[in-house]
Amino acid sequence: MSKQAFADDIGSLKDVLAIGLAEDVCGIYKILRARYVFRDFSVKTRLLDVALAPEKHAVKKLEQLMKSILEAVNGDERAAADFRSKVKVFCSDGEPAELAAGAICRTRLPALRTVWRCTLHSGQKSLEAAVKSDERVNMLVTELVSRFSDSDGLGSLARAVTNSTKLKFHFTAVQQRDLDSLAELALLASSVSPVVAITRYEV
């Protein structure tokens, strides 16, 4: 089955107009995805590799990238060269080593035109900076969302609700009670006819 998948991918490379690569590190793993754009402008996304994340050095990351591409075409050097010649975009998660790896990729990816930072990571960093700029907001987000659990407590409210079955049950009960109260208020509001003073536009 896997051999056939490799054969199908290698065979389809001749119809590929451009390839975009996206690399991300999730915990101890590196995830590499490729997006193929075909001559008819249809798009196909492939998960090329999931591997233990190497050291955060640009050269090491470049070596791992080349290895992942070679493995993606089942070790076929000619197909790997064809693949590399069609890579136009490289997207990383935004750490300096990630962006540097993309920049020096130009030596191995001759058609590379753009190296950019993942907009999600960029937006996340901007949001974190904005939150930290206000002490009150930072404390609120820490208590509600980001504080880790330890031996002294369950952490933030979001983590505690996720990790504690008992707390999750009580939290759900409170939610339901509040929703019922809102429903009653909505029903009451809909049964009362609003009294509106005549305005000069209605005279």
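In the numbering used here, each number is its position in the sequence shown, counted from 1, plus 24. The beta carbon of each residue, even a glycine, is placed where N, CA and C say it ideally should be. Bear in mind the structure is a predicted one, so any value in this text is a computation, not a measurement.
TODO: Could you check how far apart the C-beta atoms of Ala96 and Leu72 are, in whole angstroms? I think they sit under 8 angstroms.
DONE: Looking up residue 96 in the sequence shown gives position 72. Looking up residue 72 in the sequence shown gives position 48. Their Cβ separation, rounded to whole angstroms, is 5 angstroms, which keeps Ala96 and Leu72 in contact under 8 angstroms.
- [ ] Using 10 angstroms around the beta-carbon of Cys115, count the other beta-carbons present and answer buried if the total reaches 16, otherwise exposed.
- [x] On the sequence shown, position 91 is the one that residue 115 refers to. That one is buried.
TODO: Could you check which residue in Trp140, Asn98, Asp64 and Arg108 has the C-alpha nearest to that of Ala46?
DONE: Within the sequence shown, residue 46 is the residue found at index 22, counting from 1. That would be Trp140, whose Cα lies nearest to the Cα of Ala46.
Task: beta strand (DSSP E) runs wholly inside the segment 157 to 195, at least 3 long, in chain order - done: none
- [ ] Take Leu83 as the anchor and find which of Val113, Thr131 and Ser157 has the nearest alpha-carbon.
- [x] The sequence position of residue 83 within the sequence shown is 59, counting from 1. One detail in the question is off: residue 83 reads as Val in this sequence, not Leu. Of the listed residues, the one whose Cα sits closest to Val83 is Thr131.
Open item on the list: I'd like to confirm the pairing. Which residues does DSSP put opposite Arg141 in its beta bridges?
Closed with: Taking the sequence shown and counting its residues from 1, one reaches residue 141 at position 117. Beta-bridge pairing links Arg141 to Ser116.
Open item on the list: Just verifying my parser: in three-state terms, what is the DSSP assignment at Lys110?
Closed with: Here residue 110 is taken as the residue at index 86 of the sequence shown, counted from 1. Residue state, collapsed to three classes: coil.
Task: Length of the line joining the Cα atoms of Ala75 and Asn98 - done: Locating residue 75 in the sequence shown gives position 51, where the first residue counts as 1. Locating residue 98 in the sequence shown gives position 74, where the first residue counts as 1. Approximately 16 angstroms, taken between the alpha carbons.
- [ ] Leaving out five residues on either side along the sequence, give the residues of the same chain with a beta carbon under 8 angstroms from the beta carbon of Leu168.
- [x] Residue 168 sits at position 144 when you count from the first residue of the sequence shown. These residues qualify, in order along the chain: Ser180, Leu181 and Ala182.
Task: Simplified DSSP state of Ile52, which is helix, strand or coil - done: As a position in the sequence shown, residue 52 is number 28, starting the count at 1. DSSP places Ile52 in coil when its eight states are reduced to three.
Open item on the list: For Leu164 and Val61, what's the separation of their Cα atoms in angstroms?
Closed with: Working through the sequence shown from its first residue, we reach residue 164 at position 140. Working through the sequence shown from its first residue, we reach residue 61 at position 37. One C-alpha to the other measures close to 44 angstroms.
Task: For Thr196 and Ser209, the rounded distance between their alpha carbons - done: Counting from one through the sequence shown, the residue named residue 209 turns up at place 185. Counting from one through the sequence shown, the residue named residue 196 turns up at place 172. As written in the sequence, residue 209 is Leu, which differs from the Ser given in the question. Each residue's Cα considered, the two are about 20 angstroms apart.
- [ ] Identify whether Leu133 lies in helix, strand or coil by the three-state DSSP scheme.
- [x] For the purposes of this step, residue 133 is identified with residue 109 of the sequence shown, where counting begins at 1. The answer is coil: DSSP assigns Leu133 none of H, G, I, E or B.
Open item on the list: Comparing C-alpha positions only, which one of Asp106, Leu56, Ala184 and Val113 sits nearest to Gln88?
Closed with: Numbered from its first residue, the sequence shown carries residue 88 at position 64. If we check each option's Cα against that of Gln88, Leu56 comes out closest.
- [ ] Tell me, please, which residues DSSP counts as bridged to Val97.
- [x] Taking the first residue of the sequence shown as position 1, residue 97 is located at position 73. For Val97, which the question treats as bridged, DSSP gives no partner whatsoever.
Open item on the list: Could you pull the DSSP bridge partners for Ile43 from this structure?
Closed with: In the sequence shown, the residue the question calls residue 43 occupies position 19. Paired residue(s): Tyr60 and Val111.
Open item on the list: Excluding the 5 residues flanking Leu41 on each side, which residues of the same chain have their C-beta closer than 7 angstroms to its C-beta?
Closed with: Counting from one through the sequence shown, the residue named residue 41 turns up at place 17. Around Leu41: Val61, Phe62 and Arg63.
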